Each structure stands twice: as C-alpha cells, then as structure tokens.
Amino acid sequence: MNKKVCNTLKMIGLFLVGTTLAASAQEDGGVSLEMFTINNTWMMIAAALVFLMHLGFASLESGMTRAKNTVNILFKNTSIIAIGLLTYALCGFNLMYPGFAEGSSGIFGFAGFGIGAEEVGITYNTGYTYWTDFLFQAMFAATAATIVSGAVAERIKLGSFLIFSVIYVGFVYPWLGSWKWGGGWLDAKGFYDFAGSTLVHGVGGWAALAGAILVGPRLGKYISGGVKPIMGHNLPLATIGVFLLWLGWFGFNGGSVLSADPELVSFVLVTTCLAAAAGIVGATLISWIHAKKPDLTMALNGSLAGLVGITAGADVVGIIDSVVIGFVAGLLVYISVVFFDKIKIDDPVGAISVHLVCGIWGTLAVGIFGGSEFSIVTQAIGVVAYGAVAFTSAFIIFFVLKAISGIRVSEEEELIGLDIGEHSQEAYEGFQIFATK
Amino acid sequence: MNKKVCNTLKMIGLFLVGTTLAASAQEDGGVSLEMFTINNTWMMIAAALVFLMHLGFASLESGMTRAKNTVNILFKNTSIIAIGLLTYALCGFNLMYPGFAEGSSGIFGFAGFGIGAEEVGITYNTGYTYWTDFLFQAMFAATAATIVSGAVAERIKLGSFLIFSVIYVGFVYPWLGSWKWGGGWLDAKGFYDFAGSTLVHGVGGWAALAGAILVGPRLGKYISGGVKPIMGHNLPLATIGVFLLWLGWFGFNGGSVLSADPELVSFVLVTTCLAAAAGIVGATLISWIHAKKPDLTMALNGSLAGLVGITAGADVVGIIDSVVIGFVAGLLVYISVVFFDKIKIDDPVGAISVHLVCGIWGTLAVGIFGGSEFSIVTQAIGVVAYGAVAFTSAFIIFFVLKAISGIRVSEEEELIGLDIGEHSQEAYEGFQIFATK
Amino acid sequence: MNKKVCNTLKMIGLFLVGTTLAASAQEDGGVSLEMFTINNTWMMIAAALVFLMHLGFASLESGMTRAKNTVNILFKNTSIIAIGLLTYALCGFNLMYPGFAEGSSGIFGFAGFGIGAEEVGITYNTGYTYWTDFLFQAMFAATAATIVSGAVAERIKLGSFLIFSVIYVGFVYPWLGSWKWGGGWLDAKGFYDFAGSTLVHGVGGWAALAGAILVGPRLGKYISGGVKPIMGHNLPLATIGVFLLWLGWFGFNGGSVLSADPELVSFVLVTTCLAAAAGIVGATLISWIHAKKPDLTMALNGSLAGLVGITAGADVVGIIDSVVIGFVAGLLVYISVVFFDKIKIDDPVGAISVHLVCGIWGTLAVGIFGGSEFSIVTQAIGVVAYGAVAFTSAFIIFFVLKAISGIRVSEEEELIGLDIGEHSQEAYEGFQIFATK
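Chains as they are written, first to last, in my numbering: chain A, 1 to 437; chain B, 1 to 437; chain C, 1 to 437.
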C-alpha cells in the first residue's frame, strides 16, 4: 500500500478515535458526553425528588400533631429548606467534601466559603456537574434538621429552633458527613453507609433525641405514671407526607448511586421499595397483634422505618435481605415508640424511632447481609462514633440555647398553641376545633 | 494515491459524518449503552410516577367519602401498595410474564416463585433492566385492587378486603395480564391494549362491580325509591388526588412505550393530556346542562375518564381522535354514575364508571380510531373475555369471603364509621364533625 | 485498487459500524440520537413538572382563601388546565411560535389552526420533538390564567372567568409570547426573559391587576378606612401548594434551557433554588420586624417571589446575584402586599405582588446583574410594552364581560360563598365551619 493511502487511513483512524472519545467509548474511566448528560439528568431529578421530601416531612409532621401547632410546624419546615440551601452554599458543601489530602487525619477539612465551579462538566465528575453535586447534597443537608423538628414539635421556641438548625445544618451535619462521604477517617476504616442510614437519618435522629430530652415532654403527655396518647389532627395530611417521602426516596437512594447506572439504580429502587412494603407489613402486624387494632400511623411509620433501614445497604444486600431488613425495621419502630414512651421521652411523630433506631438497624444490617467485605464491627464503630459526636454536639447547642434564651415556650403558649403564640395565625381559620387537647 | 481509493475514502468519510450525525445505528435490534441508560432512566421515572398514583387514589378516595371512614381508606391504600409489591415479587411478575412457549395455549404460565435477574442489563431488554421491568409492572399491579377499594368503601370489612387484595393482585391480575402483555392467546389474536384500559382499569373495574354488588349499598343511600347523595368530606384532597393521578399517567402511558423513544413517548403524552382535558369539558358540560350546576367531582372524574379512555390507544390514535375519545369518556362517566345509582349499585367514588365503563370505551375506541390494523370485533372479544373471567373471579373470591367471615361491617360500625370501628382512630382529631351523615 | 487497501478499508468499515453502534459525535450543531433522546426526555419531565404547578396553584389559592369558596377555586383551576391544553392545541401554539418571516414586523403571526407534526424527531429540533414542544409550552400557557384566578377569587362569576380564560390563554398570552419567544420584535431588540418573569408571570400578573380593579374588593375587606385581614382557611394546603410550585419550577426554569445541557440546566436549578430560599428569608425578616411575628403566608409568598424574580435571568446571573435577587423579591412581596391593601386593590392570595411586582423586578434584574450584553433600558422597554398591552387586553375583556353578563356574583352569593352559589357543593361536608367570615 502506498504511503499516501496509509496516511489517509491513519487520519481517518485518528478522526475515528477522536470521534469515539468525544462520543462514547469509555476509555480510562471516561464517559461520553451523552452518558454524562444522562447521568447528570438523573442526578438532577434525584435532587428534585429529595427536595420533595421536605414537603413530605412538613405534611407528615403537621398531620401527626395537633391543629393548634400546625402553622408553627409548616413555618419551621419552610425555613429549614431555606436555611439548608443557604448555609450549604455558604460553608456546608465545602466542609463536607473538602477532599482530604494524603496523610490528613480525615477528621476536619474546609475548602473555604461560598460555592463556584472551578472545574466544569465532565472533568469535575463523570456522573454530574459541580452544580448538580451541590444541589443534590444541599437537599440532603436540610433533612437533618427536619428530623429534629418532628421530635421537638409542639413546645420548642421558634427562634431557638431556627438558630439550632443554622448551626446543625450549616456545620455539624457536613462536618460529620465528611468522615465518610468526604473521604475521611471512617471511609478509610471501611465503614459503609450507602445513602445515609447513619450519616443523614442517624445524625438527625441523635439530635432529635438530644432535643427531645432537653425540651422535655409535652404538657399532659405523661400523667400519673401513664401515657396519654396525643393524636395527630390530620391523617390524610400525614399520609400524603409519607407517600411523598417514599417517592423522595427514589431520589435519595436512587441518586446515591451517583450516576444513572441502569443495573445498580434500578436494583436499589427495588430493594428500597420492597423494604418499605415489608416495613408496612411488620409495623401493621405488630400493632394489630399488640394493640388489637391496625394503626394507620404505625403502618405509615412502618414504611418510613423500612426506608430508613434499607438506606445504608440498598445497593449491597439481596432481594430477600431487603424484605427482612424492612420487616424488622417495621417491628422495631413499633417497639421503639412504645419504649420511648415508657422512659418518658416524648417524640410527637416518632422521629427518633424511625430515623435513629432504624438508622442504626440499617447500618448494622450492612454488616449482617452485605457480604464478606463488610464488617459488623466496623459498622458498629461508625454508629457509635457518629452517635457520640452528633448527640453531644446537638446536646451542647440546645443546652447553650436553653441557658441563654430558653428553648421551650411558656406553659400558657403551649396550651393555646404555638400558632397563636409564635405566629398569631391559625392553620384552619373558620373551622370549629376543640381546644381541649 | 489513486483516484478510486480517494473516492472510497471520501465515501467512508461521508458515511462517517452521516452515521455519527444520525448516530448510534441500531443494528440487530441492539442499542448503545447510552441509549439503554436513557431508556432505563425514563422507565424508572415512569415507575416512580405510577407509584405516585397510589397517593392519588388514596387522596381521591378519602376525599370523596365521609370523614368517619378516612383512616380506613388511607390504611387500605397504604396496605395495597405493600401487598402489590410483595405479592408481585413472590409470584405475580412470574405469572404475568412467563414467556409462553411456542405452541402453548397462552392461557396460563408460571416461571416459579421469587424474583432475581438471570440476564443483566442490555441483554435482558434494550429498554430497561430486569429490576426496572419488575418495579414498573409491580406498580401497575397494585392499581387493580386500589380501584376496587373505592367502590366498596365505607362498608367493607378491612380483613376481608385485604385477603381479597392479596389474591386478586397476587394471582388474578397477573394471570389475566399474561393473556396480552405476557404474549398469551389474546395477544396472538391481535387484541390491542396499549397501557391497560382493559388489562388494568377494566380488570380492576370488573372486580369493583363484583364487590359493590356483593357488599351492597351504604346505609341510607337508596331510601324510599330515591337516591340520597352522600357527599365527599374533603374536595381539596380529592382534587389533589386527581392531579396526582393525571401526573402519574405521564408514567402510566408514557412508560408503556417501554423505552424513551422521543417521538412516540411525547406523542403519547400529548394524546393523554388532551384526552384528560376533553374529559373535563365533556363531564362539566353534561353536568352543567343536566344538573344545572357545574359539579367539581364530575369535572375531576371527567379528567380520569378521559385518561382511562385514552389508555388503550394513546399511541395509535390521532390528535383529534384523542380529544373525541376523552370528550365521550367525560360524557360516559356522568351517564354511568347516574345509571349505576338508578340500578342501586352504590359506588362512593364512581370507580366503576371511571375505570370499567371508560376502560371498555377506550378499548373499543382502538377499533374505531386506531386504523385498519385494529378490529373492533377483536377488541370486543378481549373486553368480553376479560370481563367474564375478571368479574367471575372477583365475584367468587368475595362470595367465599362473605360466606366464611363476612365482607360487610355491622350496621352499628357503619353508622359510627370504620375509623373508630376498625382502627380506633379518627382522621381529624379535634375537629368538630357532624355525625349525622 | 489493491487488495490490502481494500481489506484495510473493510476493517475501517467494521470499526466504523462498531463505533457508531457505541457512538455519537456532534458535527454542524447536530446531535446524536442518544443526545436527542436524553434532551427530549428531560423536556418531557419538565413538562410534567410544569403540569404539577397547576396543582400547586389550586392548592395555594384554595388554602389562602375561605372555606366557603374552595370548590369554586378548585373548579376554576381544573378548568384552566383543560382550557389551556385545548386552546393551545387549537390556536395558541401556532400563534406563539409562528416563525416570523424575514422582514416581518414581528408583532403578529399565525400558522393556522390545529397541531400536527410536519417534521419529526431530530429534524424538528435537537432538544425535543414537536410534541414535547407543544406539551411544554401548553403547560406554560395555562399558567397565565391561573395567576388571575387567585387575584379575583371569592367574588368573580364562574362563567365570566371561564370566558376570560379562554380568550386570554387562547389568544392574548400566545400572541404576546410571540414577541420574544416566537422571535418577534422584542427578541430582535435584545430583550431577555429566560423563562418568563415577564412573558408568563408579568402577563398573568397584569391581567390579575386588571381583574382585581374591575371586580372590586371582597365585601368587608376595606371597612371604615381600615383593612380587615381575611385569613386563608387551610394553611397546610397552601404550603403543599407552594412546595409543589417550587418543585414545578425545576421544570419551568430547568426546562427553559430547552435541552438537558448538564452545565446550564444544573446551574439554573441552583440559582432558582437559592433565590427561592433567599426569598423566604427576605419575606420572613421583613414580616417579623414589621409585623412583630413571622408570618407563614409571607414566608410562602417569599419563596414564590424569589422564584418569579429569578425566572428572567436564572441562566445569566451569578450565584450571589441569585441570592440578592431572591432576597429583594422577598422584601418586595411584603411591601407590595401592604401597598395594594393601602390602595384598596384586594388580592386574596397576593398574586399581583408575587407575579407582577416580582416579575418586573426579575426582568429588570437581568439588566442589573446579567452582564454587559443586557441593557436595563431594553428590559424596561419590554416590561412597559408587555404591561401596556397585557393590562389593556385583560381590562377590555373583563370590561366587556362586565357590561354584558357581569363579572361579580351577587352580594348574597358572596356572603353564602361561591361553593353553594355556583356549584351547590361544599368543600368540607360535615365539618363545622363558622359562617361569620
């Protein structure tokens, strides 16, 4: 073959290689622009779904509490998403994903204030842009405070709660998150938490526990040694909340794959949904047997329990495992709700039982069902480490706030309701509502 | 270089540009990994949207009935999604898509208990993974029982309904589904049902009819020869339900393309939305003319009627056809609601009219508007075959349950409401609600 | 040609086929089928999210008004989406995107009645199909009338409002839209409005102002020189509405990129969400300071204010700019609500303040923050041009309707509520609701 032809063929070859590099062919871990675009699209949709979880929390929490405190709960949840996004842009994102240097202790890092993309597009990450990364993680961040909101509902001072949220979402959550997802010391140890049974739900749950202890039970909840149930005022609203949370979990867990990987994302969605379903069955059965009647709020909390439980290992456990994990979580949430009432820690919506207890269960479950590369001891170390620091941090913040400005509304305000007390507004203007509870 | 080689190279060059521009060349039915990923992502999103329909049903059904039965309806709908997912994993999926062998009668097949992917990724299907397939179809499955739930609301025994749901969703729905979507005998006959006017809505609607007949009308509904309207207690909730159902239909119909095919999916979404819009107009006009006032619940049911009507042929009818189909469905739903009240079959939410009547209309409409490859006779054969077996199956299940444990709550419980009777819970604690209805 | 060359060419050919199977490559602005499919999928999802905004509006408007007018508001919002889709199919789409010819004045064009794709797939557009284009734009169109619905709520005649909606959505909105998005005279002038601060929210807001002026304030709102607040009846419902609207804005702004461009879409989502968050902070702060209590409805309207404000420039302003724009919008919405009450223009849900005032702010903000290619003068010209024609058009339509059939219900009907008056239905059957307000 003559030289010229050879060269032409070579040029075609180079053109080809160029094309396929820009096009698809995954070389050296690279992906095509198409694959990058679909990955990023999925991650943006996942972020939108996690955003919707904040409406889920707002609906669930207000539905599960009394009508007189509804405006207050809705206001807190609306504020939290604002606080979450703004503090995460200001410092949280750069605190959570500092990219620890070689030889760093992996305990604390900070990349400076404010967000802004230095690297763009595919060079930042093959699964999403810088902006998508920020948005997805920011939506997660706000969740931690939302969980607390439920446990301290109906008696916490609004201003104190908002200050707590700013500190906890802006600083504690991202700092603790960096230990694992930021590539910190627990990541190095081999601790595994796929989408946040511990990093999100545990961290939120421990703070919920600290808050519930320090703020104390609602008036009239534990009287003369017994437990007086205080029923939620709007169970359709609570149900809307739970279904939206479940839907949001498609993004919470599905997005935690960090790409649109067809096999892995779809598998995660199946384990996630089966665990939720099994959680409903577990919580329904135990409540039906123990309390003689099938309790709707338990069925709802059962689905959330299953979802929190599967979150740590949704990608590494098997199908049957996911059903077992969800079912056990459903049992646990019931037992836990009864237990916390017994030790007189008042949690109006069962947030501690759902997020903390089932978060611990899910994290340990990775060690049980996740296969030989996971160690239940390492998982337990992670649970304890997070618990110690998250609980202590939240306890200190609430304790200081209590000392300075108080964290609980007056007895008079609690009786009349925080809607009138904190907002001079009523949630259901014109409706006749009994003031007796 | 000689001329011929030059020309050949040039042709190759042109071929390159042409090919890469139009791209991805599907050979041997194969698709690129990128195309597979986007197809699968769309299908997962469609599954999420169909999941949301269960919140839509829960909201619609509880909003359209009385406050005293709200917890019960919410509990049923929460249970149904759990039952649907778990039974479909256990046997439904393998019953519905057995892949009938050559020469099989195509009436019954079963691929064994439990799910698990033998083939992964693109080799399973070019449009979605095994797991996505399961999830999408499982979300559909639960719909059948949800439709029944509305028709028998406010008087059916919870336990009996749950048992019915397990059998109907776990066995009857997937078995009947296999006749068409599993490649069974009706598929071989040329029967067409794009997304389930008959396979989902008809199968659910026939069971709703069987249940409504056997459980009988609510107390006080048909008195002294007349019909006493029993109004829903929360129309904002019902409206939320309908809009979420419509949104869910983006996945129900859009996902039934089984890929992200740009032209086909977007066309299907347009026919779907136009039919829903025309259904609103049809139902509003007839109710405004006949009852003198524009009825909100009719407008809402009109949109659902249009959606059910377009479901069988959303991909094969034209734009104007879709408007006609939706408009006629809107008229039909009103006429049907009046008709079933006349023959004293009590259906609190109009489920039979929406899902069965408009499901039949939509299935036949494929024969009318779908073009020459579709036969209205074949469509009618499908409608009759499904009707005969679905109605009979549901009738037998309810009949046996009635004989064994009863399917209707006591008169006393019906009057006080199923929320107190079955759950010892109230949906709206603290609200003053008239007990008179 | 010699054999070796032939073989080499053949190998290249095979390689080509392989590559193009895996492949894509963008030449001459063309995109691969994969990229087209993902672009189109994102646009369909965006359309679905914008659809959901109509549920958001329905929930927000009914929650912010009195229980006795709820059915009426829900009915209007259900009708508007039907009207929007059908009129946009009949003429709106062809009026808004006529594709002005060279030398046309760019003021009015019409491509004929009815929709139907002449060009299919990628040849129509690299970002979406003809059908996706129609659906996305149709969902936008209905928004204009929905904004009006809120401002004239609780006293407008249903029939007159529906006629207004048909004309305004079917003709005025698409005609005015063509000036910019259809490539008309304002587009030629360099006016910029990314996703519709003026084209959608302004056009809706001006009509809301015209309607509110002509229909007059609600009975009892402005008495003896003072302003009597009329509270919304269901703030959880209003909150659901606002969160759904925010979610819808992921599609409203994110979809306005008109492709799935990873960098641009994700950046737009970040500016959008930060503006919404900052709007909450702005509106909360000013209401807390000025009215002494943090007002939930102000926080909710603050988020919408931020969203409307960022809509015109979400793709061209910076991160900090987006926070400033949202924060200022949050302040503005509060000031504006107080102002309109002072001049006795009664707007039950604050629609004029949110959509018109913040729409103007957002449009001008492009000139302030958008960089040197944007001129605040040009932006102001656009605002004035749209304002003059939109306000005048709406005023004329309402004026003529007022002269012919009246636009306001009788005093008696207003007192008893439009639900009974227009629909003979109640939204909350069985609930005890005070009739005093």
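Cβ atoms here follow ideal geometry from the backbone N, Cα and C, with glycine treated the same way.
None of the values given here were measured: they were computed from a predicted structure.
Practice item. Run the proximity test for C:Ala-365: is its beta-carbon closer than 7 Å to any non-hydrogen atom belonging to the ligand SAH? Key: What this structure holds is no ligand at all, so the ligand SAH is not there to describe.
Exercise for review: Mind listing the chain C neighbours of A:Ser-256? Cutoff is C-beta to C-beta under 8 Å, in chain order.
Suggested key: Simply none; closest approach about 17 Å.
Review point. Do C:Thr-70 and C:Ala-351 have their C-beta atoms within less than 8 Å of each other?
Key: The answer is no: Cβ separation not under 8 Å.
Exercise for review: Check each candidate in C:Val-148, C:Phe-327, C:Phe-340, C:Gly-387 and name the one with the smallest Cα separation from A:Ala-82.
Suggested key: Ranking C:Val-148, C:Phe-327, C:Phe-340, C:Gly-387 by Cα distance to A:Ala-82 puts C:Phe-327 first.
Review point. If you drop the 5 nearest sequence neighbours on each side, which residues of the same chain put their C-beta closer than 6 Å to that of B:Tyr-124?
Key: Taken in chain order, the residues that qualify are Tyr-130.
Practice item. Look at the Cβ atom of C:Ser-149, then the Cβ atom of C:Asn-77, and state whether they are nearer than 8 Å. Key: Yes, these two residues count as a Cβ contact at 8 Å.
Review point. Mind checking if B:Phe-273 is an interface residue toward chain C, Cβ cutoff 8 Å exclusive?
Key: The sequence shown places Cys at residue 273 of chain B, rather than the Phe named in the question. Output row for B:Cys-273: interface = yes.
Exercise for review: Quick one: grab the DSSP three-state call for C:Ile-223.
Suggested key: Secondary structure of C:Ile-223 (DSSP, three-state): strand.
Check your understanding: How would you list, in chain order, the residues of chain C whose beta-carbon sits under 9 Å from the beta-carbon of A:His-423?
Key -> For A:His-423, the residues of chain C that pass the 9 Å Cβ criterion are Lys-293, Pro-294, Asp-295, Leu-296, in the order they occur in the chain.
Review point. Expressed to the nearest angstrom, what Euclidean distance is found between the alpha-carbon atoms of C:Gly-170 and C:Phe-398?
Key: Their backbone Cα atoms lie some 15 Å apart in a straight line.
Practice item. Give the DSSP bridge partners of C:Arg-464, in chain order. Key: Here chain C comprises residues numbered 1 to 437, so residue 464 of chain C is not present and cannot be evaluated.
Check your understanding: Counting pairs of Cβ atoms below 8 Å between the stretch 182–200 of chain C and the stretch 338–352 of chain C, do you hit three or more?
Key -> Touching, no.
Review point. Apart from the five residues just before and just after B:Leu-21, which ones in its own chain have a Cβ nearer than 6 Å to its Cβ?
Key: Because B:Leu-21 carries a pLDDT of 38, less than 50, the predicted location of this residue cannot be relied on, and the following value inherits that uncertainty. Within its own chain, no residue has a Cβ closer than 6 Å to the Cβ of B:Leu-21 once the five positions on either side in sequence are excluded.
Check your understanding: Comparing the C-beta of A:Ile-420 with each C-beta of chain B, is any distance below 8 Å?
Key -> No, A:Ile-420 lies away from the interface with chain B (no Cβ there is under 8 Å from its Cβ).
Check your understanding: Roughly how many angstroms separate the alpha carbons of B:Gly-205 and A:Asp-295, rounded to a whole number?
Key -> Straight-line Cα distance between these residues: approximately 28 Å.
Check your understanding: Tell me the DSSP bridge mates of C:Phe-374?
Key -> DSSP lists no beta-bridge partner residue for C:Phe-374.
**Study point:** Cβ-based contacts, 8 Å cut-off: residues of the stretch 233–252 of chain B near chain A
**Key:** Residues of the stretch 233–252 of chain B that bring their beta carbon within less than 8 Å of a beta carbon in chain A comprise Asn-234, Leu-237, Ile-240, in sequence order.
Review point. B:Val-120 CB to nearest chain A CB: under 8 Å?
Key: So, interface residue.
Check your understanding: In chain C, what lies closer than 7 Å to A:Ser-62 by C-beta?
Key -> Going along chain C in sequence order, the residues near A:Ser-62 (Cβ under 7 Å) are Pro-236.
Practice item. Count the other C-beta atoms from every protein chain shown that fall within 10 angstroms of the C-beta of C:Val-172, then say buried if there are 16 or more, exposed otherwise. Key: When all chains shown are included, C:Val-172 counts as buried.
Review point. Going by alpha carbons, who is nearest to A:Gly-302 out of B:Pro-98, B:Arg-66, B:Ser-79, B:Leu-176?
Key: Of the listed residues, the one whose Cα sits closest to A:Gly-302 is B:Ser-79.
Practice item. Could you tell me whether any Cβ in chain C is nearer than 8 Å to the Cβ of B:Trp-42? Key: Yes, its Cβ sits closer than 8 Å to a Cβ of chain C.
**Study point:** Below-8 Å beta-carbon distance, A:His-355 vs any chain C residue
**Key:** So no, A:His-355 is outside the interface.
Check your understanding: What is the residue span of the alpha helix (DSSP H) that B:Ile-289 lies within?
Key -> If you look at B:Ile-289, you'll find it in the alpha helix (DSSP H) that goes 262–291.
Review point. Counting contacts by CB-CB distance shorter than 8 Å, is A:Met-53 in contact with chain B?
Key: Judged by the 8 Å Cβ criterion, A:Met-53 is not in contact with chain B.
Review point. Can you check whether the CB of B:Ile-38 is closer than 8 Å to the CB of B:Gly-251?
Key: Not closer than 8 Å, so no.
Point to revise | Cut-off 8 Å between Cβ atoms - residues of its own chain near B:Gly-367, not counting five sequence neighbours on either side | key: Counting only Cβ-Cβ distances below 8 Å, and skipping sequence neighbours, we find Phe-374, Ser-375, Ile-376, Val-377, Thr-378, Gln-379, Ala-380.
Exercise for review: Please confirm whether B:Thr-272 and B:Ala-312 have their CB atoms less than 8 Å apart.
Suggested key: For B:Thr-272 and B:Ala-312, no; Cβs fall outside 8 Å.
Review point. What's the gap between the Cα of A:Leu-60 and the Cα of B:Val-270?
Key: Linking A:Leu-60 to B:Val-270 through their CA atoms gives a straight-line distance of about 34 Å.
Exercise for review: Show which residues of chain C have a CB atom less than 7 Å away from the CB atom of B:Arg-66.
Suggested key: Result: Gly-430.
**Study point:** Partner residues on chain B for C:Gly-116, Cβ-Cβ distance less than 7 Å
**Key:** Simply Ile-319.
Check your understanding: Between the stretch 225–241 of chain A and the stretch 51–66 of chain A, are three or more C-beta pairs nearer than 8 Å?
Key -> In short, these stretches touch, since the Cβ pair count reaches three.
Exercise for review: Check the Cβ of C:Ile-407 against every Cβ in chain B and list those closer than 8 Å, keeping chain order.
Suggested key: Correct list: empty, because the minimum Cβ distance to chain B is about 17 Å.
Point to revise | Neighbourhood of C:Val-383 by C-beta, 8 Å cutoff - its chain only, sequence neighbours within 5 removed | key: For C:Val-383, where only same-chain residues beyond five positions count, the Cβ hits under 8 Å are Thr-198, Gly-202, Ile-360, Thr-363, Leu-364.
**Study point:** Partner residues on chain F for A:Met-231, Cβ-Cβ distance less than 9 Å
**Key:** Annotation note: the requested chain F is absent from the structure, which comprises protein chains A, B and C.
Check your understanding: In this structure, does DSSP put B:Ile-115 in helix, strand or coil?
Key -> Looking at B:Ile-115 - three-state DSSP - the assignment turns out to be coil, as it is neither helix nor strand.
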